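Trainee: First the structure, which I've put down as structure tokens, then a few questions once you've had a look.
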Amino acid sequence: MDKAGEILAEIPDGPILIVPGGGIFADFVRAQGADDETSHWKAIDAMEIFGRFLSTFGYPVTRELTIPKEPSILLPKRLLEKADPLPHTWDVTSDSIAAWIAGLTGSRLLVIKSTDSGEDLLDPVFGSLIAEYGVSAEILNGRVPGSVRSWFEATRL
1 MDKAGEILAE
11 IPDGPILIVP
21 GGGIFADFVR
31 AQGADDETSH
41 WKAIDAMEIF
51 GRFLSTFGYP
61 VTRELTIPKE
71 PSILLPKRLL
81 EKADPLPHTW
91 DVTSDSIAAW
101 IAGLTGSRLL
111 VIKSTDSGED
121 LLDPVFGSLI
131 AEYGVSAEIL
141 NGRVPGSVRS
151 WFEATRL
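In structure tokens form, the structure reads like this:
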């Protein structure tokens, strides 16, 4: 969260749909130890809160599952309330939700993390979703200055 503005500043203009993580807000939900169903929906609320925070850097928010003309932040709760095929457990995080959305939109997926590696880098469902939907996904450490900009320059939207 402390580097969010710097990371967003590296995103070029163009058709980019940003799916926010839950950040510290989801960490708080997890720490409460509620049942899986409650935790699932509260973690999605956390994604919406973090998405609203990200919008303070000048990016519009959307609730529509369409690729925008300019970088926009997807608030996913309404979409997930209509159709949520994902398990309601902590095996699914915003990583898998982003993979599912990329699959539905036929988009490439860039997952920006705050580290390069670790056994819990991605949630357990992520791999099966990108395989099921045929999503091309890459993971970047957003704490490395210029890494997001370099990725976009190399992939040329």
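Counting with full-length UniProt numbering, you get residues 1 to 157 for the letters of the sequence shown.
Where a beta carbon is used, it is the ideal one built from N, C-alpha and C, also for glycine.
Predicted model only: the values in this text are computed from it and were never measured.
I'd like to check one pair, L140 with I112: are the Cβ atoms closer than 8 Å?
Mentor: Here residue 112 refers to the residue found at position 112 of the sequence shown. Here residue 140 refers to the residue found at position 140 of the sequence shown. Their beta carbons are under 8 Å apart, which means I112 touches L140 by this criterion.
Trainee: With A154 as the anchor, note down where its alpha helix (DSSP H) starts and where it stops.
Mentor: Position 154 of the sequence shown, counting from 1, holds the residue named residue 154. It spans S147 to T155 - the alpha helix (DSSP H) in which A154 sits, taken as one unbroken run.
Trainee: By the DSSP assignment, the beta strand (DSSP E) with S55 in it spans what residues?
Mentor: Here residue 55 is taken as the residue at index 55 of the sequence shown, counted from 1. Careful: S55 lies outside any beta strand (DSSP E), inside the alpha helix (DSSP H) at D36 to S55.
Trainee: At the level of alpha carbons, what is the spacing between G134 and I97?
Mentor: Reading the sequence shown from its first residue, position 134 is the one you call residue 134. Reading the sequence shown from its first residue, position 97 is the one you call residue 97. Distance between the alpha carbons of G134 and I97: 15 Å.
Trainee: Rounded to the nearest angstrom, how far is the Cβ of L74 from that of T62, given a contact under 8 Å?
Mentor: The count along the sequence shown starts at 1 and reaches residue 74 at position 74. The count along the sequence shown starts at 1 and reaches residue 62 at position 62. The Cβ separation is near 6 Å, so the contact holds.
Trainee: Could you work out which residue in H40, I18, I24 and S72 is closest to V92 when comparing CA atoms only?
Mentor: Along the sequence shown, read from residue 1 onward, the residue named residue 92 stands at position 92. Checking every option, the nearest Cα to that of V92 belongs to H40.
Trainee: Measure the CB-CB distance between P71 and D13 and report whether it falls below 8 Å.
Mentor: Translated into the one-based positions of the sequence shown, residue 71 becomes position 71. Translated into the one-based positions of the sequence shown, residue 13 becomes position 13. For P71 and D13, yes; Cβs fall inside 8 Å.
Trainee: Skipping 5 residues on each side, what residues in its chain have a beta carbon closer than 8 Å to that of S114?
Mentor: Against the sequence shown, residue 114 aligns to sequence position 114. K3, N141, G142 and R143.
Trainee: Please report the Cβ distance between M47 and P20, rounded to the nearest whole angstrom; I am assuming they are in contact, meaning their Cβ atoms lie under 8 Å.
Mentor: Numbered from 1 along the sequence shown, position 47 holds the residue referred to as residue 47. Numbered from 1 along the sequence shown, position 20 holds the residue referred to as residue 20. Confirmed, Cβ separation roughly 5 Å.
Trainee: According to DSSP, is E138 helix, strand or coil?
Mentor: Here residue 138 corresponds to residue number 138 of the sequence shown, with the count starting at 1. Three-state DSSP puts E138 in a strand.
Trainee: Short check: CB of R156 to CB of S136, under 8 Å?
Mentor: Here residue 156 refers to the residue found at position 156 when the sequence shown is read from its first residue. Here residue 136 refers to the residue found at position 136 when the sequence shown is read from its first residue. No; because the gap between Cβ atoms is not below 8 Å, this pair is not in contact.
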